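Read the structure below first, then the notes.
Numbering (full-length UniProt numbering), first residue to last: 1 to 357.
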């Protein structure tokens, strides 16, 4: 009897340990609190690529495929005046040069000449090389004033899901990777229309960008590795839904009246949520990420911008690492990164950037 009780006690303790590990793992993957995933039918629609968009039986995830015939994509069923847009994403593996997987917001279909856009774009990779990606912001059609930043990732995004998020409020924009804020844009009056102000839809796409995506177009898509599969799950859409705020049945067609939308309640929710505030620990993680993994910034590209755009916060230590082109000195990587990697190899195979460190 005592033996039975002892083993039952061991089993219970083991179960508690397993549950704790699962909770911690979930926290690491989700990265942010208060994320409310939706079913695909609740707020998303097929965009393009007939047959190359595959929804899961539980309607919680979707696969986007690229083959030699077409890419694919989905779009939010409504437009949003500000919002938090987030998804767990796993990228294609092996050789993916020339492929772009994008998770972004835009209103280009409605405001053709003066559209707004916020981008997270994964730029493909050569097998065995680190994945690279970029964030970008356009406001009021300011495509001639691109605001790109480019980075490497500290993990292989094709091995497991990671959460990528875009926060857009009346006062700030934050791009997140898991629980690490990688870029923050604070709205300045001097930006005027360059700050996105019109309602946008959420998009996710995979497509052939052989002409520019990888090494400036040096390496294109090799369809012997197709189909290329990107997976999205636990997609979140928080924000002021224009369809609920404008009169009429097809509210996206009435989007020209966006100045009449009252989003005060939704905006207050966004600006007081945990993903709208960068804690000191997260700020330190963002600084480490930018020191180690950002290899291009428009703010330091004095050839394009003799005067940095008004939202740029020039960090002297950051600036000293870049050429006038906004690209890193020393052949593309700061030597401190290499030294740090050599020290870490004794303990771990991959440098870690996390707000939990």
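The beta-carbon is built from N, C-alpha and C at its ideal position, and this holds for glycine as well. The structure displayed is predicted, hence computed values, not measured ones.
Residues of its chain near residue i, where Cβ-Cβ distance is below 7 angstroms and the 5 sequence neighbours each way are ignored
i, result
"residue 141", "113, 114 and 115"
"residue 185", "137, 172, 173 and 311"
"residue 53", "46, 62, 64, 72 and 74"
"residue 198", "107, 111, 116 and 258"
"residue 219", "97, 98 and 126"
"residue 314", "299 and 308"
"residue 280", "none"
Cβ shell of residue i (< 6 angstroms), same chain only, five flanking positions each side left out
i, result
"residue 152", "130, 132 and 293"
"residue 215", "none"
"residue 171", "187"
"residue 117", "106 and 138"
"residue 342", "Note on residue 342: pLDDT 38, under 50, position unreliable in the model; the coordinate value appears next. If we look at residue 342 and ignore the five residues flanking it on each side, it has no Cβ neighbours."
"residue 148", "134, 136 and 298"
"residue 124", "96, 97, 98, 99, 213 and 214"
"residue 358", "Any property of residue 358 remains undetermined from this structure, which presents the chain solely from 1 to 357."
"residue 323", "329"
"residue 231", "63 and 90"
"residue 305", "none"
"residue 278", "181"
"residue 57", "none"
"residue 49", "70, 71 and 72"
"residue 265", "none"
"residue 318", "none"
Residue from the options whose Cα sits closest to the Cα of residue i
i, options, result
"residue 283", "221, 181, 304 and 214", "181"
"residue 260", "299, 242 and 266", "242"
"residue 94", "100, 126, 67 and 52", "126"
"residue 63", "228, 309, 274 and 128", "228"
"residue 291", "320, 306, 312 and 277", "320"
"residue 258", "73, 53, 306 and 80", "80"
"residue 160", "296, 90 and 103", "90"
"residue 121", "312, 100 and 233", "100"
"residue 135", "104, 158 and 263", "104"
"residue 68", "325, 221 and 314", "221"
"residue 47", "35, 85, 88 and 74", "74"
"residue 307", "328, 45 and 190", "190"
"residue 275", "301, 199, 225 and 166", "166"
"residue 202", "49, 76 and 50", "76"
"residue 87", "39, 301 and 50", "39"
"residue 289", "143, 119, 176 and 219", "176"
"residue 270", "236, 281 and 300", "236"
"residue 158", "219, 150, 128 and 318", "128"
"residue 156", "200, 183 and 92", "92"
"residue 303", "327, 49 and 200", "327"
"residue 200", "143, 85 and 281", "85"
"residue 183", "224, 287 and 318", "287"
Per DSSP, cross-strand counterpart(s) of residue i
i, result
"residue 87", "164"
"residue 37", "236"
"residue 185", "173"
"residue 208", "99"
"residue 203", "75 and 104"
"residue 81", "240"
"residue 149", "135 and 297"
"residue 48", "73"
"residue 321", "DSSP, once it has assigned bridges, lists no residue as partnering residue 321."
"residue 180", "177"
Beta-carbon spacing of residue i, residue j below 8 angstroms
i, j, result
"residue 168", "residue 196", "yes"
"residue 205", "residue 108", "no"
"residue 208", "residue 66", "yes"
"residue 193", "residue 83", "no"
"residue 55", "residue 37", "no"
"residue 78", "residue 51", "no"
"residue 210", "residue 217", "yes"
"residue 316", "residue 301", "no"
"residue 145", "residue 309", "yes"
Sequence-distant residues of the same chain with beta carbon closer than 8 angstroms to residue i, five excluded per side
i, result
"residue 332", "With a pLDDT of 47 at residue 332, under the threshold of 50, the modelled position of that residue is not reliable, and the figure given next carries that caveat. Around residue 332: 295."
"residue 267", "82, 169, 170 and 240"
"residue 41", "59"
"residue 223", "67 and 68"
Closer than 8 angstroms to chain D by CB, residue i
i, result
"residue 180", "Judged by its chain identifiers, the structure shown contains no chain D, having just a single protein chain."
At 3 residues or longer, and completely inside the segment 89 to 113: list those beta strand (DSSP E) runs for me, N to C. 99 to 106
Practice problem: For the segment 214 to 300, list the beta strand (DSSP E) runs that are entirely contained and at least 3 residues long, ordered along the chain. | Solution: 228 to 241
Contiguous beta strand (DSSP E) assignments of at least 3 residues, all confined to the segment 114 to 145
117 to 122 and 132 to 138
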